[in-house]
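Asker: Got a structure for you, questions after.
Residue numbers (our numbering), protein chains in the order written: chain A, 291 to 452; chain B, 291 to 452.
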């Protein structure tokens, strides 16, 4: 990231986090990876250019948030990208951003509320990392994102790739 | 933000949040504003250029995260920037980023752990928005950021500007 050296005077973990995931595309790629998107072609639906997508995926692999694996399909072999533990641990960052936007941006026509469901107890939580109903910490294995405007409830990817 | 139109096909609140605060400088300015920095000159310590700082402050005022006020000092009058409720509500985003970095980036030489202290009960919390000791939700009025590498414990700004 270009800003890395400018922030080197500071040791603050907010700055260190932004050094790795401060680019909006990186967080959107990770959001989609946590949804189960795996292939280059699938991430294209973000509306990102191929060259930027290639660079961001390579950076996320380099920084340990995704692993690249070869997948042997029925017709041909392709690469796929799976979130690691560091990748699934971004869940609270994504939830905190979503929660802030729900409170402070206009709801788009057609709706835009994303309910964060703690599947273990079935409740909707308003916290980034804790079930506000039962108090348990949230992980990617027990959360689904309920998006009525898509007509979908999406379970997340589950355990991180080793 | 340049990316706004590219993401307009989606209504996801993660995307809507990134439309407003997806720029790393914006989050660092808000981090410093929550610390009590108010004046243009104070935000310069981020190592940001004056032109970028001007644009980011104007955008944060436009989007309702900061309010600009005239402050009559002893020698001259200057503008100052105070976080609104939408600004202080970014606390969980900053905490989630810090928590992720503490877990997944190398600790810099000289240290870099930032303890999030819930001042009401005195405990350090590991959650972005909830005290992991007493279970109460965190607000900017009852959190301080303990940064031993600065030798400082910084209370946050307290109540948002009306």
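Glycine included, every Cβ here is placed at the ideal spot set by N, Cα and C.
Using only the alpha-carbon positions, how far apart do residue 337 of chain A and residue 439 of chain B sit?
Answerer: So the two alpha carbons sit approximately 41 Å from each other.
Asker: I'd like to know whether the C-beta atoms of residue 415 of chain A and residue 432 of chain A end up nearer to each other than 8 Å.
Answerer: No; because the gap between Cβ atoms is not below 8 Å, this pair is not in contact.
Asker: Would you kindly check if the distance between the Cβ of residue 323 of chain A and the Cβ of residue 371 of chain A is under 8 Å?
Answerer: In contact: residue 371 of chain A and residue 323 of chain A (Cβ atoms closer than 8 Å).
Asker: On the criterion of 16 or more Cβ atoms from any shown chain inside 10 Å, does residue 367 of chain B qualify as buried, or is it exposed?
Answerer: Result: exposed.
Asker: List the residues of chain A whose Cβ lies closer than 8 Å to the Cβ of residue 392 of chain B, in chain order.
Answerer: Within 8 Å Cβ-Cβ: 303.
Asker: Near residue 310 of chain B, which residues of its chain fall below 7 Å by C-beta distance, leaving aside the five closest residues on each side in sequence?
Answerer: Closer than 7 Å at the Cβ level, and outside the excluded window around residue 310 of chain B, lie 353.
Asker: What are the partner residues of residue 396 of chain B, as DSSP defines its beta bridges?
Answerer: DSSP lists no partner for residue 396 of chain B.
Asker: Closer than 9 Å by beta-carbon distance: list the chain A residues that pair up with residue 389 of chain B, in chain order.
Answerer: Within chain A, the residues near residue 389 of chain B are 303, 307, 379, 382, 383 and 419.
Asker: Within 8 Å of any Cβ in chain A, is that where the Cβ of residue 326 of chain B sits?
Answerer: No - not a single Cβ of chain A is within 8 Å of the one on residue 326 of chain B.
Asker: I need the straight-line Cα distance from residue 295 of chain B to residue 444 of chain B, nearest angstrom please.
Answerer: Any reading at residue 295 of chain B must be qualified, since the residue scores a pLDDT of 33, below 50, and its modelled position is unreliable; the value itself is stated next. C-alpha separation (whole angstroms): 38 Å.
Asker: Just to confirm, are residue 387 of chain B and residue 342 of chain A a CB contact at a threshold of 8 Å?
Answerer: It is not a contact, given that the beta carbons lie outside the stated cut-off.
Asker: Rounding to the nearest angstrom, what Cα-Cα distance links residue 301 of chain A and residue 320 of chain B in this structure?
Answerer: About 17 Å.
Asker: At 9 Å on the CB atoms, spell out the chain B contacts of residue 429 of chain A, in chain order.
Answerer: Simply none; closest approach about 13 Å.
Asker: Could you list which residues in chain B have their beta carbon closer than 8 Å to that of residue 395 of chain A, in chain order?
Answerer: Near residue 395 of chain A (Cβ distances below 8 Å), the residues of chain B are 303, 306, 307, 309 and 310.
Asker: Going by the DSSP bridge assignment, what does residue 356 of chain B pair with across the sheet?
Answerer: Residue 356 of chain B pairs with B/373.
Asker: So, residue 382 of chain B versus residue 418 of chain A, is the Cβ gap smaller than 8 Å?
Answerer: It is a contact, given that the beta carbons lie within the stated cut-off.
Asker: Alpha carbon to alpha carbon, what distance is there between residue 327 of chain B and residue 395 of chain A?
Answerer: Approximately 25 Å between the Cα atoms of the pair.
Asker: Taking 6 Å as the limit between beta carbons, can you name the residues of its chain near residue 422 of chain B, skipping five residues before and five after?
Answerer: Counting only Cβ-Cβ distances below 6 Å, and skipping sequence neighbours, we find 415 and 416.
Asker: Does residue 328 of chain B come out as helix, strand or coil in the three-state DSSP assignment?
Answerer: Coil.
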